[in-house]
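Below you'll find the structure, written out as structure tokens, and then a few comments.
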Amino acid sequence: MDKRTLRHEMLRILDKDRVLSDDLDVMYYSYDSSFLTKIEKLYPDVVVLPRSTEEVQKIMRFAYEHGIPVTPRGAGTGETGGSVALTGGIVLDLSTWDEIVEVDVANMQVIVRPGVIHADLNDYLARYNLFFPPDPGSSKMCTIGGMVANNASGLRAVKYGCTEQYVLGLEVVLPDGEVITTGGMKSKAIKNVSGLNLTKLMVGSEGVLGVITKIRLRCWPKPKARGIVMAVFPALDDAPATVLDVYQAGILPSGIEILDQSAIRAVNQFKPEIALPDAEAILLFEVDGNPASVEWEGTTIAEICRRRATQVEWATDPQRMASLWEGRSVTATAAARVRPDGSRVFAGEDISVPLSRVAETLRAIRGLGQKYGIPVVNYGHIGDGNVHTAPVIDPENQAEVEKVKQLVHDIHLLAIELEGSTTGEHGVGAVRRGYAELEHGQAVGIMRAIKNTLDPKGIMNPGKLF
Ligand SMILES: Cc1cc2nc3c(=O)[nH]c(=O)nc-3n(C[C@H](O)[C@H](O)[C@H](O)COP(=O)(O)OP(=O)(O)OC[C@H]3O[C@@H](n4cnc5c(N)ncnc54)[C@H](O)[C@@H]3O)c2cc1C
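Numbering (our numbering), first residue to last: 3 to 468.
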């Protein structure tokens, strides 16, 4: 269908300010935060901004009937090209549908529409002493719909897990326009083991199975206290060994972050006043809970760290905690500045490996950086083996672009070889689908069969996931 007719048809469903097709308007939708969309622009034909289930249903029915690709989109903060239309068609921007429908304090849950921003939801829940624990670095931008579709998490996943652990039920508009409710039509229960778990199927499905239009989330009581331990290690292997000792002592911190030497140097170069000690690794442990347990856990972790670390500090004072954490909070920005003409590449940025293989992984990535002559800064959530790598190149230099593609490919293969995954948080999207068979083997056939059953015409977010 040509662009003009498609726009005309969408205007039969939505007001004109919620149908975009001008070049300038659709250009905004041609990228997300991925390296892929930095080097390649992929434009939709039309962008629509629905704000009700009925509107989404009408759009999907029309698209299904005419075989038009539909790409759901939240805030477009994804790192994988997931919310970008690879083959034109309709982009369904859900970011303006940002209603908090109900906070059910008695049952510790909240019902939202997909466009609610993560940080806004937690600000709202704070008045009820509740919170939704997954904590992506993009909290102030990303939508709950995008988080559910990507099964997002963050540095506190080590204790609180990923989004999937909090999704109690969903309303989903399927590719043919049918609407289903998962997790029980009327259920407000927290435990529910009846039927096949379609909620889990939809969480992390990256928009290839349907459009998530309503989300029922479990909330947790907000912890009353917090503390930070910072420890500096002369040898890289000391870091995972110390993390293991902390677990063995019966402590589950709410965050365990690592900066390796490349990240320490990047931070010091970016902001010399932070003055991190030059070392092979720095660990940051965050503990939260009630004040007495936080004090015990923090002092015990500090004691464990002293077995190997050259410098250890434990703090509960908010100002001191902020300054201990400052190095970690500027790492992503600092990484991009390690060379003056450089730009950070968001690709191969998110592998996850077993804790026992983190040091080996970091050493191997350092070696790959040397092999390709590309600076790579490493940091991440060591508590659950999620390593963030930041290669830095001049994106205008085609030879460097080609080299970094090879480097990223090697990082993905390394993750699979070391019994890990090509992605611990950010998902597959358009950029990691080539590894599906290598990572999941025959199970990919079953994934495809599910996709074909729900979306026989292949209109939902084509070219993503597998
Ligand atoms: C600075 C920065 C830091 C980040 N830190 C983290 C982090 O710590 N942890 C983490 O997990 N991720 C992180 N991310 C990646 C990203 O923010 C998350 O994956 C986030 O959940 C994406 O939300 P979004 O609203 O931007 O979704 P989008 O990028 O718009 O979409 C992501 C995917 O979800 C699909 N989708 C979106 N909405 C719907 C819907 N309603 N129904 C069906 N499918 C839908 C899209 O089709 C796409 O496949 C970070 C990104 C940035 C830029």
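By construction, the Cβ of each residue, glycine as well, lies at the ideal position given by its N, Cα and C atoms.
| Item | Value |
| --- | --- |
| Cutoff 8 Å; reference Pro-242; Cβ partners in own chain excluding five residues on either side | Leu-357, Ser-358, Val-360, Ala-361, Ile-384 |
| In DSSP terms, what His-120 is bridged to | The partner list for His-120 (beta bridge, DSSP) is empty, contrary to what the question assumes. |
| Alpha-carbon to alpha-carbon, Asp-352 and Lys-60 | 37 Å |
| Residue span of the alpha helix (DSSP H) that contains Ala-417, given as start and end | 400–419 |
| Own chain partners of Ile-303 with C-beta closer than 6 Å, once the 5 adjacent residues on each side are dropped | Val-231, Val-248, Phe-287 |
| Own chain residues within Cβ distance below 6 Å of Asp-178, not counting five before or after | Tyr-66 |
| Nonlocal neighbours in the same chain, by C-beta distance under 7 Å from Phe-348, ignoring five residues either side | Ser-35, Ser-36, Phe-37, Glu-81 |
| Residue environment, Tyr-31, which counts as buried when at least 16 other CB atoms sit within 10 Å | buried |
| Beta bridge counterpart(s) of Ser-423 as assigned by DSSP | Ser-354 |
| Endpoints, the beta strand (DSSP E) within which His-390 is located | 388–395 |
| Range covered by the beta strand (DSSP E) that runs through Ile-70 | No beta strand (DSSP E) holds Ile-70; DSSP gives it neither H nor E. |
| CA-to-CA distance, Val-403 to Val-28, given in whole angstroms | 26 Å |
| Cβ-based burial, Met-12 [other Cβ within 10 Å; buried from 16] | buried |
| Selected residue, minimal CA-CA separation from Tyr-437, among Gly-371, His-414, Asp-457, Gly-426 | His-414 |
| Coil, strand or helix - Gly-345 by DSSP | In the sequence as presented, Gly is not what sits at residue 345; that position holds Ser. Looking at Ser-345 - three-state DSSP - the assignment turns out to be strand. |
| Any 3 or more C-beta pairs closer than 8 Å across the stretch 369–384 and the stretch 261–270 | yes |
| Distance, Glu-275 Cα to Arg-75 Cα | 40 Å |
| Beta bridge counterpart(s) of Gly-291 as assigned by DSSP | Ala-227 |
| Glu-173 vs Thr-215 beta-carbon contact at 8 Å | yes |
| For Gln-111, three-class secondary structure by DSSP | strand |
| DSSP-derived helix/strand/coil call for Met-462 | strand |
| Gly-74 beta carbon near ligand 1 (any heavy atom closer than 7 Å) | The sequence as given places Pro at residue 74; Gly does not occur at that position. Yes; taking the cut-off as 7 Å, the Cβ of Pro-74 has a heavy atom of ligand 1 nearer than that. |
| 4 or more residues per run - each alpha helix (DSSP H) lying fully within the stretch 14–71 | 25–29, 38–41, 55–68 |
| Entirely enclosed alpha helix (DSSP H) segments - the stretch 187–253, minimum 4 residues | 200–204, 240–250 |
| Same chain only: Cβ atoms within 7 Å of Thr-165, ignoring 5 sequence neighbours per side | Pro-136, Met-149, Val-150, Asn-153, Ala-154, Ser-155, Val-205 |
| Pair within 8 Å by beta-carbon distance, Phe-235 and Ala-283 | yes |
| Distance CB(Ala-338)-CB(Arg-330) smaller than 8 Å | no |
| Nearest candidate by alpha-carbon position, reference Val-332, set Phe-468, Phe-272, Met-323 | Phe-272 |
| Near ligand 1: Glu-208 beta-carbon under 7 Å from a heavy atom | yes |
| Cβ-based neighbour list, Pro-464, same chain, cut-off 7 Å, excluding 5 preceding and 5 following | Pro-71, Leu-88, Thr-89 |
| Reduced DSSP secondary structure (H/G/I, E/B, other) of Val-433 | coil |
| Beta bridge counterpart(s) of Arg-75 as assigned by DSSP | Asp-95 |
| Span of the alpha helix (DSSP H) around Tyr-162 | 159–162 |
| Bridge partners - Leu-88, DSSP secondary structure assignment | According to DSSP, Leu-88 bridges with nothing at all. |
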